[in-house]
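*Asks:*
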Amino acid sequence: MDKKRIENAIKELLEAIGEDPNREGLQDTPDRVARMYEEILAGYKDDAKKHLSKTFTVKTSDIVIEKDIQFSSMCEHHLMPFFGKIHIAYIPNGKVVGLSKLARCVETYAKRLQLQEQLTNQICEALYTNLNAKGVMVVCEAEHTCMTCRGVRKMGSKTVTYSVLGDIDEGKKAEILSLIK
């Protein structure tokens, strides 16, 4: 990330909206915003494969569910945050991954400019591919500030997306959905 270019862009934005970037309250704003973007968009320098490579052998192939993984991301359409919970279910194929690694996988993709639908699918594909899972289902529930703070301004509305890969039939899908409620 080019921190200096971000700072210059924020200074230009402040001027464009009629502010004085040199006034006391705004003097450090370009630096603060640049550091914020380095933090909230850190997923570009991360790789889910790295987090999902440490696995443990198991003999069962029962469904593993990690639910209510909190996340925040940035809408690529309006550069406004969206946030919520991600629920992950997978059927191991002889290997499981540490539970914290599931949250790290979520962060890898959430900390990028995103669409919720794309985020859900990227997490599902990463788990399915890197864990060689028999099946994966990812459900994402999120509130989008681009919808609640501007435009239609519908506070509290949530968007739900899900992605399924592999051996998750309608019965397993229904079972997973009932367990994450």
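Count along the sequence shown starting at 1, add 297, and that's the number in our numbering. Built from N, CA and C at the ideal position, the CB exists for glycine as well. None of the values given here were measured: they were computed from a predicted structure.
By the three-class DSSP mapping on this structure, what secondary structure does ALA430 have?
*Replies:* The residue given as residue 430 occupies position 133 in the sequence shown. Of the three classes helix, strand and coil, the one that applies to ALA430 here is coil, per DSSP.
*Asks:* Which runs of the beta strand (DSSP E) fall wholly inside the segment 321-377 and span at least 3 residues, in chain order?
*Replies:* The segment 321-377 contains these whole beta strand (DSSP E) runs: 352-354, 361-372.
*Asks:* Do three or more CB pairs link the segment 363-381 to the segment 402-413 at distances below 8 Å?
*Replies:* Cβ pair count under 8 Å is three or more, so yes.
*Asks:* Just to confirm the assignment, what range does the alpha helix (DSSP H) spanning LEU311 have?
*Replies:* Translated into the one-based positions of the sequence shown, residue 311 becomes position 14. Residues 300-313.
*Asks:* Taking the beta carbon of GLU309 as the centre, do at least 16 other beta carbons fall within 10 Å, making it buried, or is it exposed?
*Replies:* Within the sequence shown, numbered from 1, the residue matching residue 309 stands at position 12. GLU309 comes out exposed.
*Asks:* Is it true that the CB of ALA339 sits closer than 7 Å to the CB of GLU304?
*Replies:* Working through the sequence shown from its first residue, we reach residue 304 at position 7. Working through the sequence shown from its first residue, we reach residue 339 at position 42. Contact: no.
*Asks:* Is DSSP giving SER397 helix, strand or coil here?
*Replies:* Here residue 397 refers to the residue found at position 100 when the sequence shown is read from its first residue. DSSP places SER397 in helix when its eight states are reduced to three.
*Asks:* Relative to the C-alpha of ASP464, which candidate in ARG320, MET434, LYS455 has its C-alpha closest?
*Replies:* Taking the first residue of the sequence shown as position 1, residue 464 is located at position 167. Measuring from the Cα of ASP464, the nearest candidate turns out to be MET434.
*Asks:* Contact defined as beta carbons within less than 8 Å: I believe LYS451 pairs with ALA439. What is the distance between those atoms, to the nearest angstrom?
*Replies:* On the sequence shown, position 154 is the one that residue 451 refers to. On the sequence shown, position 142 is the one that residue 439 refers to. Their Cβ separation, rounded to whole angstroms, is 14 Å, which puts LYS451 and ALA439 out of contact at 8 Å.
*Asks:* Figure out for me which residue from LEU412, ALA386, THR417, ASP299 has the closest Cα to the Cα of ALA471.
*Replies:* Position 174 of the sequence shown, counted from the start, is the residue given in the question as residue 471. With distances taken between Cα atoms, ALA471 lies closest to ALA386.
*Asks:* Would you check if the distance between the CB atom of LEU349 and the CB atom of LYS392 is smaller than 7 Å?
*Replies:* One-based indexing of the sequence shown puts residue 349 at position 52. One-based indexing of the sequence shown puts residue 392 at position 95. No; because the gap between Cβ atoms is not below 7 Å, this pair is not in contact.
*Asks:* Going by the DSSP bridge assignment, what does CYS437 pair with across the sheet?
*Replies:* As a first step, residue 437 is located in the sequence shown; it is residue number 140 there, counting from the start. DSSP output for CYS437 lists ILE383, THR458 as bridge partner(s).
*Asks:* By Cβ distance below 7 Å, which residues in the same chain neighbour ILE367 in space, the five residues on each side in sequence not counted?
*Replies:* Stepping through the sequence shown from its first residue, residue 367 is reached at position 70. At residue 367 the sequence reads Gln, which differs from the Ile that was named. Around GLN367: LYS382.
*Asks:* Measure the alpha-carbon distance for ASN429 versus LYS300 and round it to whole angstroms.
*Replies:* Indexing the sequence shown from 1 puts residue 429 at position 132. Indexing the sequence shown from 1 puts residue 300 at position 3. Using only the alpha carbons, I get a separation of about 38 Å.
*Asks:* Could you give the distance in angstroms between the alpha-carbon of LYS478 and the alpha-carbon of THR458?
*Replies:* On the sequence shown, position 181 is the one that residue 478 refers to. On the sequence shown, position 161 is the one that residue 458 refers to. Answer to the nearest angstrom: the Cα atoms are 14 Å apart.
*Asks:* Just verifying my parser: in three-state terms, what is the DSSP assignment at GLY463?
*Replies:* As a first step, residue 463 is located in the sequence shown; it is residue number 166 there, counting from the start. In this structure, GLY463 counts as strand in the three-state DSSP scheme.
*Asks:* Here's the rule I'm using: 16 or more other beta-carbon atoms within 10 Å means buried, otherwise exposed. How should ASN427 be labelled?
*Replies:* Here the question's residue 427 lines up with position 130 in the sequence shown. Per the 10 Å Cβ criterion, buried.
*Asks:* Quick one: what's GLN411 bridged to in DSSP?
*Replies:* Counting from 1 along the sequence shown, the entry for residue 411 is found at position 114. DSSP output for GLN411 lists CYS372 as bridge partner(s).
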